[in-house]
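Asks: Numbering (my numbering), first residue to last: 20 to 237. Here you go, one structure.
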Ligand SMILES: [Zn+2]
Ligand SMILES: [Zn+2]
């Protein structure tokens, strides 16, 4: 793990704080997570009011739920437009067209404004954090790759159940086949650390692990 990255364990999900002069956060937990995030920032000696940006790996309620409140506090919200679009979905839409994806979207308060991030964008964090669009778990799922630290934030694009790294959850992914295919791109990166949202980071054998998954995709 980069020494500039601190894990914040929120309810049932992790967010990652990037402690640089400009304070950034990767993902922001369920709606209602903001007091916990603020405590985490303060515990690291920083003023929560100075949070500059929140990068969202995907629009699921456990990753983007705090975005509206953090935006109200002045942070920029960065999210892929394909997932930002879905956050407009309300409970009324769920009633009209019930689906798991719609329920998740309705559970996630829509931020009042956002900055779209696209494949290939390089964010001013960790010496340049590159956006890798990896659709499938959700249409706008992104991974974030920091070349300097060889660190890869995968959100829910990969899991690490019982220590073994595997593809995204079949149950909770919009398009499981696409989610698997997206992993091939990750194997092309030079990675030392894989950071998950729900599991302990992988610090050993990351490159071999990504190569194994890419081979499984075929
Ligand atoms: Zn999740
Ligand atoms: Zn998810």
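From the three backbone atoms N, C-alpha and C, an ideal C-beta is built for every residue, glycine too. Everything numeric in this text was worked out from a predicted model, so none of it was measured.
Per DSSP, what are the beta-bridge partners of residue 212 in this structure?
Replies: In the DSSP output, where bridge partners are listed per residue, residue 212 has 170.
Asks: Does the pairing of the stretch 195 to 209 with the stretch 180 to 187 give three or more beta-carbon distances under 8 Å?
Replies: Yes: at least three Cβ pairs fall under 8 Å.
Asks: Are there three or more Cβ pairs, one per stretch, closer than 8 Å when the stretch 107 to 114 is compared with the stretch 89 to 97?
Replies: Taking 8 Å as the limit for Cβ pairs, the verdict is that the stretch 89 to 97 does not touch the stretch 107 to 114.
Asks: Is any heavy atom in ligand 2 found nearer than 7 Å to the beta carbon of residue 191?
Replies: Yes, ligand 2 has a heavy atom inside 7 Å of this Cβ.
Asks: Where residue 154 and residue 65 are concerned, what is the direct C-alpha to C-alpha distance, given to the nearest angstrom?
Replies: Taking the straight line from one Cα to the other gives about 34 Å.
Asks: Which residue wins for smallest C-alpha separation from residue 180, given the options 125, 221, 25?
Replies: Checked all of 125, 221, 25; the closest Cα to residue 180 is 221.
Asks: Quick check: is the beta carbon of residue 132 nearer than 8 Å to any beta carbon in chain C?
Replies: No chain C appears in this structure, which consists of one protein chain only.
Asks: Starting from residue 195 and walking both ways along the alpha helix (DSSP H), at which residues does that stretch end?
Replies: Residues 195 to 205.
Asks: Do you know offhand how far residue 209's Cα is from residue 166's?
Replies: For residue 209 and residue 166, the distance between alpha carbons rounds to 7 Å.
Asks: Decide if residue 245 is buried, meaning its Cβ has at least 16 other Cβ atoms within 10 Å, or exposed.
Replies: Residue 245 is absent from the structure shown; the chain starts at 20 and stops at 237.
Asks: To the nearest angstrom, report how far apart residue 234 and residue 177 are at their CA atoms.
Replies: Taking the straight line from one Cα to the other gives about 15 Å.
Asks: How about residue 63 and residue 32: do their beta carbons lie closer than 8 Å?
Replies: Cβ atoms of residue 63 and residue 32: not closer than 8 Å.
Asks: With three or more beta-carbon pairs closer than 8 Å as the criterion, would you say the stretch 65 to 81 touches the stretch 120 to 133?
Replies: Cβ pair count under 8 Å is three or more, so yes.
Asks: Going by CA-CA distance only, name the one from 116, 71, 35 that's closest to residue 215.
Replies: It is 35.
Asks: Residue 183 to residue 229, Cα distance in whole Å?
Replies: Roughly 12 Å between the two C-alpha positions.
Asks: Threshold first: 3 residues or longer. Then list the beta strand (DSSP E) segments lying entirely within the stretch 104 to 164, N to C.
Replies: Counting whole runs of 3 or more residues, the stretch 104 to 164 contains the beta strand (DSSP E) stretches 148 to 152.
Asks: Got a sec: does ligand 1 put a non-hydrogen atom nearer than 7 Å to the Cβ of residue 185?
Replies: It does not: the Cβ of residue 185 is nowhere closer than 7 Å to a heavy atom of ligand 1.
Asks: On the DSSP bridge assignment, give the partners of residue 43 in chain order.
Replies: Beta-bridge pairing links residue 43 to 37, 72.
Asks: If you draw a straight line from the C-alpha of residue 135 to the C-alpha of residue 172, how long is it?
Replies: Rounded to whole angstroms, residue 135 to residue 172 spans 18 Å at the Cα level.
Asks: Using the Cβ count rule (16 or more neighbours within 10 Å means buried), how would you classify residue 87?
Replies: Looking at its Cβ environment, which holds 16 or more other Cβ atoms inside 10 Å, residue 87 is buried.
Asks: What residue range is occupied by the uninterrupted beta strand (DSSP E) comprising residue 26?
Replies: Counting along the chain, the beta strand (DSSP E) containing residue 26 begins and ends at 24 to 29.
Asks: If residue 72 sits next to residue 43, beta carbons under 8 Å apart, how far is it from one beta carbon to the other, in whole angstroms?
Replies: Confirmed, Cβ separation roughly 5 Å.
Asks: Look up residue 32 in the DSSP assignment and say whether it is helix, strand or coil.
Replies: It is a strand residue.
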